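Just so we're aligned: the sequence shown equals residues 35 to 387 in the working numbering. Every residue, glycine too, gets a C-beta built ideally from N, C-alpha and C. Note that the structure is a prediction, hence the values are computed from the model and not measured.
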Amino acid sequence: MNLVTYLTTMLHESKIAAARNASMWAGAYFLAPLLAAFVADTYWGRYRTTVAFLPVYIVGMIVLTGSASLPSFLESSHHGDVHRTVVYIGLYLAALGSGIVKPCTLTFGADQFDINDTVERVKKGSFFSWYYFTVRISALLSGTVLVWLQDNVGWGVGFAIPTVIMLFSLIVSVASTSLYRFKEIGASPLRSLFQQRLGIGLALSMLGMVYLALLENRRLAVAAGSGLTSQNVPVPISILWQVPAYFLQGVAEVFAVIGVTEYFYDHGPESMKSLCAAFGLLAISSGSYLSALVLGVVSIATTRGGSPGWIPDNLNEGHLDYFFGIMAALSLLNLLQFVYYSMSSRETATCLA
């Protein structure tokens, strides 16, 4: 979802407020799986939880579609309260529904493979990779096709398309109930490759932040050299320079998320598999809230004395490169912490052996 752009153009929020609110929304989205895990593992099961909360996501998207399409909402966008309230209700309903469904569909999909069957055991090993590949392709399409539709056709159309797709998915899921397996699968042996994957992913994520800091520093230099510092206009530098950053981030997620997901599923107790799958998403939730906190602190600390701050509405006057530098430092700290606890974990395992 092109969320920051929507909040700045339709709700007329400042860039820093929109970025902070988007991070808070992302935190709620990745926190919701904990609720899903508790409900799925304790009461309803993965399938029933999915079928129960997928309509919540659909309702949230319908609310967003209406907020972006109905004239009565659009006319109130400048003075705020009605349109803003409806938008955030839709956003958080969508976050709740989608966040709860996410770990349940993953673990329920893995449940369809019989670990006692050699062929199916091999297929289950590749299931997580294909699942995440599908998720990334969906993200690619939503970040390109849907964003183009939102910017050039209308926000209502951009919101309506995923709404229709998810409604169709709900219908297909319910209609296919008789085809599913509703039995548990045992855990597989421990794979130390998990730690290697995650470490590589964290390192690549840090390098991505370093690259963005250097790129933004170069962009600001070009803006100053072109006399565009005081103008809120694009800088004459190719947008393709951002491709390496997205590539690094994508590869980092491939290394980290697949390993974490498979590890939690394979080694979680039978009664807590959804909860274990949610732990990986909880880390992303924590990161989103930390990002919102850092944005808030940076905004307060850098706008004193009439300064525009590091992240003003006119980014040519700011220092987004400093912000990326802070994120790179935090990523390095996270990597060092991972290495420390990873080594401690191996030492503990050796002692126990």
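Do you know how far the Cα of residue j is from the Cα of residue i?
i	j	result
valine 135	glutamine 265	44 Å
leucine 140	phenylalanine 162	8 Å
leucine 249	methionine 306	44 Å
isoleucine 292	leucine 65	19 Å
asparagine 186	alanine 311	38 Å
methionine 58	asparagine 150	43 Å
leucine 282	alanine 129	26 Å
threonine 197	phenylalanine 358	34 Å
leucine 327	serine 341	20 Å
threonine 39	valine 267	15 Å
serine 132	tyrosine 356	33 Å
aspartate 347	valine 269	15 Å
glycine 321	alanine 62	11 Å
leucine 367	leucine 238	13 Å
threonine 84	cysteine 138	6 Å
glutamate 351	glycine 159	50 Å
threonine 119	alanine 255	40 Å
serine 260	leucine 354	18 Å
leucine 316	glutamate 287	15 Å
valine 332	leucine 213	52 Å
arginine 231	methionine 240	14 Å
alanine 335	alanine 70	37 Å
methionine 44	alanine 102	8 Å
leucine 125	alanine 257	35 Å
Since residue i is in the alpha helix (DSSP H), which residue starts that stretch and which ends it?
i	result
serine 160	152 to 175
glycine 188	Per DSSP, glycine 188 belongs to no alpha helix (DSSP H) and is neither H nor E.
leucine 127	115 to 144
leucine 41	37 to 43
Which word fits residue i, buried or exposed, when buried means at least 16 other C-beta atoms lie within 10 angstroms of its C-beta?
i	result
glycine 192	buried
alanine 209	exposed
valine 97	buried
isoleucine 50	buried
alanine 221	Only weak support is given to the placement of alanine 221: the predicted model assigns it a pLDDT of 36, under 50, and the value that follows is read from those uncertain coordinates. Looking at its Cβ environment, which holds fewer than 16 other Cβ atoms inside 10 Å, alanine 221 is exposed.
leucine 274	exposed
phenylalanine 147	buried
phenylalanine 87	buried
serine 272	exposed
leucine 67	Correcting the residue type first, residue 67 is proline in the shown sequence and not leucine. Label assigned to proline 67: buried.
leucine 104	exposed
glutamine 184	buried
phenylalanine 167	exposed
isoleucine 171	exposed
isoleucine 92	buried
arginine 54	buried
isoleucine 199	exposed
aspartate 115	exposed
Mapping the DSSP letters down to three states, classify residue i as helix, strand or coil.
i	result
methionine 95	helix
threonine 337	coil
threonine 263	coil
proline 196	helix
serine 325	helix
serine 48	coil
glycine 79	coil
histidine 344	The amino acid occupying residue 344 in the given sequence is tryptophan; histidine does not appear at that position. Three-state DSSP puts tryptophan 344 in coil, outside helix and strand.
proline 89	helix
tyrosine 214	coil
isoleucine 273	helix
phenylalanine 147	coil
glycine 235	helix
proline 67	helix
leucine 364	helix
proline 268	coil
glycine 302	coil
glycine 314	helix
glycine 284	helix
glycine 352	coil
isoleucine 219	At isoleucine 219, the pLDDT of 38 sits below 50, so the modelled position is not reliable and the matter cannot be decided from this model.
leucine 249	helix
leucine 104	coil
tyrosine 375	helix
Hey, would you say the C-beta of residue i is under 6 Å away from at least one heavy atom of the ligand MN?
i	result
phenylalanine 147	As far as ligands go, the structure on display features none, and thus does not contain the ligand MN.
Are the C-beta of residue i and some C-beta of chain B separated by less than 7 Å?
i	result
isoleucine 360	Checking the listed chains, one finds no chain B in this structure; it contains a single protein chain.
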